[in-house]
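Residue numbers (my numbering): 579 to 692.
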Amino acid sequence: MFIRLAEQHRRFVQDLVMNLKALAIVLERRGYLASCYTCGGQMNSASFMVSLGENHLIRFLVSDYGITWTEMRDDRELMKLEGAEAIAQLEELASLVKHDILGPAAVPQSIHQG
Numbered sequence: 579m580f581i582r583l584a585e586q587h588r589r590f591v592q593d594l595v596m597n598l599k600a601l602a603i604v605l606e607r608r609g610y611l612a613s614c615y616t617c618g619g620q621m622n623s624a625s626f627m628v629s630l631g632e633n634h635l636i637r638f639l640v641s642d643y644g645i646t647w648t649e650m651r652d653d654r655e656l657m658k659l660e661g662a663e664a665i666a667q668l669e670e671l672a673s674l675v676k677h678d679i680l681g682p683a684a685v686p687q688s689i690h691q692g
């Protein structure tokens, strides 16, 4: 049972990393400063960052150790979410991109404004 769960977790992380890379590409094409770096060829961890303007930065980290969403403005941490809450926040960001409504002032409502 645990071997199966470990394999499912590895596939989940790999899928999440692939989606982060795609999101970074889409955001870059729309003029945002975005990046997604991975370590190694197995895609078992990633660091995703996007600047939404006016010193507003989103960082999403995924690894075997956990999943974290961190939002910063003016170099101060505004919000930090982990696990399912972090993924839900990432989904909200991706939804704004998908529906082409992400702009300097259009960020997920649960994101704090500094």
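We treat Cβ as the ideally placed atom computed from N, Cα and C, and that holds for glycine.
- GLU632 sits away from TRP647, with the two beta carbons spaced by 9 Å or more.
- A distance of 9 Å or more separates the beta carbons of PHE626 and ARG608.
- ARG589 is bridged by DSSP to nothing; it lacks a bridge partner.
- The Cβ-Cβ distance between ASP642 and VAL595 does not fall below 9 Å.
- Judged by beta-carbon spacing, LEU635 lies within the 9 Å limit of GLU649, meaning their Cβ atoms are closer than that value.
- Non-local C-beta neighbours of THR616 in its own chain, meaning closer than 7 Å and more than five positions away in sequence, comprise VAL595, SER623 and ALA624, ordered along the chain.
- The continuous stretches of beta strand (DSSP E) do not include GLY619, and DSSP gives it neither H nor E.
- In this model, LYS676 and ILE581 are separated by some 35 Å (Cα to Cα).
- ILE581 carries a helical assignment under DSSP once its states are collapsed to helix, strand and coil.
- Listed in chain order, the beta strand (DSSP E) elements of length 3 or more contained wholly in the segment 621 to 672 are 624 to 631, 634 to 641, 644 to 651 and 654 to 660.
- In this structure, the alpha-carbon of ALA602 lies about 20 Å from that of LEU659.
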